[in-house]
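As structure tokens, the structure follows; a few thoughts come after it.
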Amino acid sequence: MSSLRRFLAVLLTPLAITVLFSEPGRAQTHDTPVEDRAERTLEGGHDPAHELITNPIQNVASLHYNKDDHGGTWEPGEHKMPPPFLGQLFNFIAFAWLLGRFAWPSIRRATRERHEEIARALAEGSRLRDEARARLEEYSTKLAGLQGEIDKLVNGIRAEAEAEKARIISEAQHRAERMRLDAEQQIQAEMQQVRSTLEREAVVAAISIAERLLTEKTTDTDQKALADRFLHGLQDAAKGRRSTV
Amino acid sequence: MIAGSLARRYARALLDIGIAKGVYEQLGKDMDDLAALYSGSRDLVEALTNPVFPMARRRAVLEAILEKAKVSPITRNFALLLLDRERLPYLPAIARELRLMVDERAGRVRGVVTSARPLSADHLAGIQAALEKASGRKVILEKREDPTLLGGVVAKIGDVVYDGSVRTQLETMKERFLAG
């Protein structure tokens, strides 16, 4: 199919080119003034340019190149024979063959490489796009999960912070309570100690005063009374009774 | 404790000799006099116990003292025995133990009555009688005065103390107050 298409292209392309560009006769015809061509038309003649246009291939294989239609010397105003179509076709085919023989492989290889490169680029682009899309989805999923994870972590941290706060407050309260109790106990102990010290000092002072008073005020009569009392107590003890001695 | 035990052993031995000879009261008195003489002179203690002096010299000194003290031959020999055995420093303790043993043997007990001011003879006699009645033995009282008692009397017989001093009453009152 490809070969057929290539063959038709080789054949039809020169024809098409010929149809498009083989109008040398018309160019020559245009050299004739418009008034002359109109005059000829009015006289019942026909316009040679119109005839040339209807047959685009004016020279198939004639060798009367650059001559008039009959092979004579071309004169100005006459139709000038173009180069033979077959020659041009041959040239073109030769050109096409040379092109196909030497340039086409390179062109085709370059085209194929380019095609493959573009295909690879497209595939790579598609792969990258898919990859990017997958990554986007992955990131989106992760982001969604991450947000959840962040929320969970934040909630956990907040809960731990609240628990730590409660623990610290509770510990501080217990510590304060202990300090208060210790302070109260210490105050009570110090007060007790001060009270004991004061009592002791008061007792010692009272006893000291009593000693001084007894030393100063005791008389022989007092001593005699004390000796009598001691003697009575001793006598009671000797009798086996309870003694005050 | 060792000194006490040693003094008791010597005192017991001397008492046994005295009992056997029937002179333990005299031995007790001689030992009291000798102990008082020995303890009353520091120079005598030095002369009799310092090993710097020869034993013969010390023995001569002790014999001279014993001669002047007119102690019994048993007491004399006992003192020389203590000197020979370097036991003279225990003489006061031995005399004390012997006195206790002699008193015990004779049914006596020694006591001390202490007062802030001198006691009358009636009080002393009453106290002695009461103590003899309480102890069941004859009491030999030693009188002492101690103004720090503030007032009252303290009597001591052996290990028993009868304390009627104002000082002790004040101390008791003080302890009671402090005890709350």
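From first to last, the protein sequence lines are chains A and B.
Counting in numbering that gives the first Met the number 0, the first sequence runs from 0 upward without gaps.
Counting in numbering that gives the first Met the number 0, the second sequence runs from 0 upward without gaps.
Beta carbons are placed, not taken as given, at the ideal position from N, Cα and C, and that holds for glycine.
- Within chain B, the residues 169, 170, 172, 173, 176 have their CB atoms less than 9 Å from the CB of residue 206(A), given in chain order.
- The Cβ of residue 130(B) sits closer than 8 Å to at least one Cβ of chain A.
- Three or more beta-carbon pairs separated by less than 8 Å link the region 143-152 of chain B to the region 166-173 of chain B, which places the two stretches in contact.
- Below 8 Å, too few C-beta pairs join the region 38-56 of chain B and the region 209-220 of chain A to call them touching: fewer than three.
- Looking at the backbone, the Cα of residue 186(A) and that of residue 177(B) are separated by about 21 Å.
- Taking a Cβ-Cβ cut-off of 7 Å, the neighbours of residue 125(B) in chain A comprise 230, given in sequence order.
- As computed with DSSP, residue 125(A) is found in no beta bridge at all.
- DSSP places residue 220(A) in the helix class (H, G or I) of the three-state scheme.
- Scanning chain A for C-beta atoms nearer than 9 Å to the C-beta of residue 106(B) yields nothing, as the closest lies near 17 Å away.
- Within chain A, the C-beta atoms nearer than 8 Å to that of residue 133(B) come from 233, 236, 237, in chain order.
- Per DSSP, the continuous beta strand (DSSP E) segment holding residue 142(B) begins and ends at 137-144.
- With a cutoff of 8 Å on beta-carbon distance, residue 82(B) and residue 33(B) are scored as not near each other.
- Non-local C-beta neighbours of residue 22(B) in its own chain, meaning closer than 8 Å and more than five positions away in sequence, comprise 71, 73, ordered along the chain.
- At least one CB of chain B lies nearer than 8 Å to the CB of residue 202(A).
- Nearest to residue 110(B) by C-alpha distance, out of 170(B), 92(B), 143(B), 19(B), is 143(B).
- In the DSSP assignment, residue 110(B) falls within the unbroken beta strand (DSSP E) covering 107-114.
- For residue 29(B), the CB contacts under 7 Å within the same chain, skipping 5 residues up- and downstream, are 70, 71, 74 in chain order.
- Taking all protein chains in view, the Cβ of residue 80(A) is crowded by 16 or more other Cβ atoms within 10 Å, so the residue is classified as buried.
- With a cutoff of 8 Å on beta-carbon distance, residue 116(B) and residue 219(A) are scored as near each other.
- For residue 159(B), the enclosing beta strand (DSSP E) covers residues 159-162.
- For residue 143(B), no Cβ of chain A is located within less than 8 Å of the residue's own Cβ.
- For residue 197(A), the nearest beta carbon of chain B is not closer than 8 Å to its own beta carbon.
- 202(A) is the residue among 202(A), 174(A), 162(A), 197(A) whose C-alpha sits nearest the C-alpha of residue 173(B).
- Residue 216(A) and residue 146(B) have their C-alpha atoms spaced approximately 13 Å apart.
- Shown in chain order are the members of the region 215-227 of chain A whose Cβ falls below 7 Å from a Cβ of chain B: 217, 219, 221, 222, 225, 226.
- Under the three-state reduction of DSSP, residue 60(A) is assigned to coil, being neither helix nor strand.
- In the displayed model, residue 151(A) falls within a helix according to three-state DSSP.
- Using a Cβ-Cβ cut-off of 8 Å, residue 209(A) counts as an interface residue toward chain B, since at least one Cβ of chain B sits closer than that to its own.
- Residue 115(B) reaches chain A at 217, 222, counting residues in chain order whose Cβ is nearer than 8 Å.
- Contact check for residue 133(B) against residue 237(A) passes: the beta carbons are separated by less than 8 Å.
- Under DSSP, residue 156(B) shares a beta bridge with 110(B), 159(B).
- Of the other Cβ atoms in all chains shown, 16 or more fall within 10 Å of the Cβ of residue 37(B); this residue is therefore buried.
- Taken in chain order, the whole beta strand (DSSP E) runs of length 3 or more contained in the region 192-220 of chain A number zero.
- If you look at residue 122(B), you'll find it in the alpha helix (DSSP H) that goes 120-134.
- For residue 103(A), the three-state secondary structure derived from DSSP is helix.
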